[in-house]
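Okay, structure first, notes after.
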Amino acid sequence: MGRIMSIDYGRKRVGLAVTDPLQIIATALDTVHSKDVLEYIEAYIRKEYIELFVVGLPKNLDNTDAESMADVKPFVKKLEAKFNIPVVWVDERFTSKLAMRAMIDSGVKKSERRKKENTDKISAVIILQSYLESISLK
2 MGRIMSIDYG RKRVGLAVTD PLQIIATALD TVHSKDVLEY IEAYIRKEYI ELFVVGLPKN
62 LDNTDAESMA DVKPFVKKLE AKFNIPVVWV DERFTSKLAM RAMIDSGVKK SERRKKENTD
122 KISAVIILQS YLESISLK
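Shown next, in the form of structure tokens:
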């Protein structure tokens, strides 16, 4: 059984999270610059087997595509072409707010909460955890 990697893609930064090999626990991996993310993933795949990508689906409250979808779709096409690993989309609405709340609740200092890369990583964990919960219900 391989790991599942979650991707919270942004124009500047990309939050990444992965499961353990048994696909039970979602853990923050890293935040990388969007121009470097494919190379980062490639290096990670050389060390660890990834069987699925879970990508945050940017939607507005009215369920229409968010503006950032214009950046995410081309990235996902490159991801699929480069790695030939299946991609599943997961609604990412409210993940940034949930990430901030998680940091506050766990006692993360305000100076650390201001760092956008921390929010991106935790958002990726929330996206991945949401996916894991959805498949456990089936």
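Using the numbering used here, the first residue of the sequence shown is number 2, and each one after it goes up by one.
Here a beta-carbon is modelled for each residue, glycine too, at the ideal position from N, C-alpha and C.
{"Check": "Straight-line gap, residue 9 to residue 74 (C-alpha atoms, nearest Å)", "Outcome": "12 angstroms"}
{"Check": "Proximity to residue 129 [Cα-Cα], best of 39, 76, 53, 47", "Outcome": "53"}
{"Check": "Pair within 8 angstroms by beta-carbon distance, residue 124 and residue 16", "Outcome": "yes"}
{"Check": "Proximity winner among 18, 26, 21, 3, relative to residue 147 (alpha-carbon distances)", "Outcome": "The shown model of the chain, from 2 to 139, leaves out residue 147, and the question about it has no answer."}
{"Check": "DSSP state of residue 86 mapped onto helix, strand, coil", "Outcome": "coil"}
{"Check": "Three or more C-beta pairs below 8 angstroms linking the region 43-61 and the region 81-96", "Outcome": "yes"}
{"Check": "Under 8 angstroms between C-beta atoms of residue 1 and residue 126", "Outcome": "Past the edges of the chain, shown from 2 to 139, lies residue 1, and the structure says nothing about it."}
{"Check": "Simplified DSSP state of residue 69, which is helix, strand or coil", "Outcome": "coil"}
{"Check": "Option nearest residue 122 by Cα separation, candidates 29, 5, 20", "Outcome": "29"}
{"Check": "Buried versus exposed call for residue 2 [16 or more other C-beta atoms within 10 Å across all chains shown]", "Outcome": "exposed"}
{"Check": "Nonlocal neighbours in the same chain, by C-beta distance under 8 angstroms from residue 12, ignoring five residues either side", "Outcome": "35, 69, 72"}
{"Check": "Bridge partner(s) assigned by DSSP for residue 21", "Outcome": "Residue 21 is not bridged to any residue."}
{"Check": "Beta carbon of residue 46 nearer than 8 angstroms to that of residue 84", "Outcome": "yes"}
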